[in-house]
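Structure first, then comments.
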Amino acid sequence: MLTLIRNVFIVDGSLRKPYKADVLISKNHVLSIGEISERENYLVVEGEGRYLSPGFIDVEYQGLESFILQDREQRHYLENGITTLVVGHRGKSLAPIFKKELEILGASLNRNWGSFRDFRETIKNNKYGLNFVSLVGDFNIRSSFGSLYKGGMTAIDKNSFLSVLYNSLASGALGLSSNMGGGFDTHLDDLKKNTQFTLGHKRMVSVSFSNLDFNKRKEILLILLREKRKINRGLVFISDINLEDISYLKRSRALNEILASFTPVSKTDFITLFENNNLFPTNKGGQGEIFKEIIKMGLKRQEGLSIEKVINKITQKPALSMGVFDSYEIRSGFRADLVLFDSLANINEVFVAGERVKSGNLSNNLAGKFYYVA
Numbered sequence: 127m128l129t130l131i132r133n134v135f136i137v138d139g140s141l142r143k144p145y146k147a148d149v150l151i152s153k154n155h156v157l158s159i160g161e162i163s164e165r166e167n168y169l170v171v172e173g174e175g176r177y178l179s180p181g182f183i184d185v186e187y188q189g190l191e192s193f194i195l196q197d198r199e200q201r202h203y204l205e206n207g208i209t210t211l212v213v214g215h216r217g218k219s220l221a222p223i224f225k226k227e228l229e230i231l232g233a234s235l236n237r238n239w240g241s242f243r244d245f246r247e248t249i250k251n252n253k254y255g256l257n258f259v260s261l262v263g264d265f266n267i268r269s270s271f272g273s274l275y276k277g278g279m280t281a282i283d284k285n286s287f288l289s290v291l292y293n294s295l296a297s298g299a300l301g302l303s304s305n306m307g308g309g310f311d312t313h314l315d316d317l318k319k320n321t322q323f324t325l326g327h328k329r330m331v332s333v334s335f336s337n338l339d340f341n342k343r344k345e346i347l348l349i350l351l352r353e354k355r356k357i358n359r360g361l362v363f364i365s366d367i368n369l370e371d372i373s374y375l376k377r378s379r380a381l382n383e384i385l386a387s388f389t390p391v392s393k394t395d396f397i398t399l400f401e402n403n404n405l406f407p408t409n410k411g412g413q414g415e416i417f418k419e420i421i422k423m424g425l426k427r428q429e430g431l432s433i434e435k436v437i438n439k440i441t442q443k444p445a446l447s448m449g450v451f452d453s454y455e456i457r458s459g460f461r462a463d464l465v466l467f468d469s470l471a472n473i474n475e476v477f478v479a480g481e482r483v484k485s486g487n488l489s490n491n492l493a494g495k496f497y498y499v500a
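Under our numbering, read the sequence shown as residues 127 to 500, first letter to last.
Next up, the structure:
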């Protein structure tokens, strides 16, 4: 059955102004957009003049990694219009896991994988409430051979680490994540070497250092920027950046060289978020509520914002920056991850891969998938 979403204002993910149209969905993708006549075999969703946008992307999932698999529905995120998550930040990920102990994940899991490739093959055909893509955590790799502490890795450990990292990237990991202030810190020499290796393979390096003092954070930023400029490929991502770091990068004219997640709280924070193209909202300690607040600002045109600028910030912009997803714009042939919301920013309907997963209340439909980098 085809689904017809009728009479909506489309905010398509680009910076194009909203326009009125109907959208026809076939299977998991958008079939056509325009003035579409109803047919007998169509499931009709009445848009009633509401807004239709691509599903939202949260660039940094901040929950327990195991929760992605234990709670496949991810209802709280879908309630807030989020259809895609980036997981595996802060040095911990769902794979690789070569030890029986699963304290890495924060909870017990029934699993039958060791390597990232095993993980991919185990879950790639499973369905989830939403979509996700994963980094590989350096904590996971180091824990497989016991090198968890601050003294740095031995030469043998380094070779083993890079071998596992290479296999993980080759198996579809988005990149490597490290936590520089979480108790099992990556040594700076190791961070430099791992950054060189990951960027050299055109992947993303995600670093968290929010628990460190500014001088230490500045030292890490300089290492990352130096390697990024030297290699001139791949992506550097800072996990939950703060205003002090942003100010430093601005003064250094380096803010456009990195990507970062940022949790806006105050009016100043929201202005900062939209002044800088490479900052993306995330919801520290929450499950997506901040996205609805941002949409309200766009609808009310606060601080010079528009709804098309807001939607671009949480759909097309992060997707194109990371180069993974195929559902960041409402366009014929694109994956039908869609959100229908009203003028008060209430999320009324959510579609994942063309499946109606929320219509007032959430359904039990599972249509999301695990993305991996080809």
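Glycine included, each C-beta is placed from N, C-alpha and C at the ideal position.
{"Item": "Nearest to V436 by alpha carbon, out of L381, L399, F460, D244?", "Value": "L399"}
{"Item": "Using only the alpha-carbon positions, how far apart do D468 and K422 sit?", "Value": "10 angstroms"}
{"Item": "For the stretch 177-241, list the alpha helix (DSSP H) runs that are entirely contained and at least 4 residues long, ordered along the chain.", "Value": "191-196, 201-205"}
{"Item": "Is the separation between the beta-carbon of F406 and that of F258 shorter than 9 angstroms?", "Value": "no"}
{"Item": "Could you give the DSSP three-state label for A281: helix, strand or coil?", "Value": "helix"}
{"Item": "Closest by CA to V170, which one among R176, I397, I162, L130?", "Value": "L130"}
{"Item": "In angstroms with no decimal places, state the Cα-to-Cα distance between E191 and S378.", "Value": "34 angstroms"}
{"Item": "Looking only at its chain, what residues have a beta carbon closer than 6 angstroms to the beta carbon of R506, apart from the 5 residues adjacent to it on each side?", "Value": "The shown model of the chain, from 127 to 500, leaves out residue 506, and the question about it has no answer."}
{"Item": "Do the stretch 469-479 and the stretch 199-210 make contact, defined as three or more Cβ pairs closer than 8 angstroms?", "Value": "yes"}
{"Item": "Only counting the same chain, and skipping five residues up and downstream in sequence, which positions put a Cβ closer than 8 angstroms to that of L141?", "Value": "E434, K435, N438"}
{"Item": "Helix or strand or just coil, what does DSSP make of M127?", "Value": "coil"}
{"Item": "Which runs of the beta strand (DSSP E) at least 3 residues long sit entirely within the stretch 401-471? Give them in chain order.", "Value": "405-407, 464-467"}
{"Item": "Hey, which unbroken runs of the alpha helix (DSSP H) at 4 residues or more fall wholly within the stretch 345-403?", "Value": "369-377, 393-401"}
{"Item": "Output the distance between the C-alpha atoms of D452 and K443, rounded to the nearest integer angstrom.", "Value": "12 angstroms"}
{"Item": "Give me the residue from Y254, K253, F417, R343 with the minimum Cα distance to A471.", "Value": "F417"}
{"Item": "DSSP three-state label for L157, please.", "Value": "strand"}
{"Item": "Within its chain, find whatever has a CB closer than 7 angstroms to the CB of A462; leave out the 5 residues flanking it on each side and keep chain order.", "Value": "I151, N154, H155, V156, F477, A479, G480"}
{"Item": "Go ahead and label G160 buried or exposed: buried means 16 or more other beta carbons lie within 10 angstroms of its beta carbon, across all protein chains shown.", "Value": "exposed"}
{"Item": "Name the DSSP beta bridge partners of L169, please?", "Value": "T129"}
{"Item": "In chain order, what residues of the same chain have a beta carbon less than 6 angstroms from the beta carbon of H327, not counting five sequence neighbours either side?", "Value": "L295"}
{"Item": "Rounded to the nearest angstrom, what separates L349 and L385 at their Cα positions?", "Value": "The displayed chain sequence assigns Ile, not Leu, to residue 349. Computed Cα separation, rounded: 15 angstroms."}
{"Item": "Per DSSP, what kind of secondary structure is I267 in: helix, strand or coil?", "Value": "helix"}
{"Item": "Taking a contact to mean a Cβ-Cβ separation below 9 angstroms, would you say E172 touches L488 in this structure?", "Value": "no"}
{"Item": "Within the continuous alpha helix (DSSP H) that includes N320, where are the two ends?", "Value": "314-326"}
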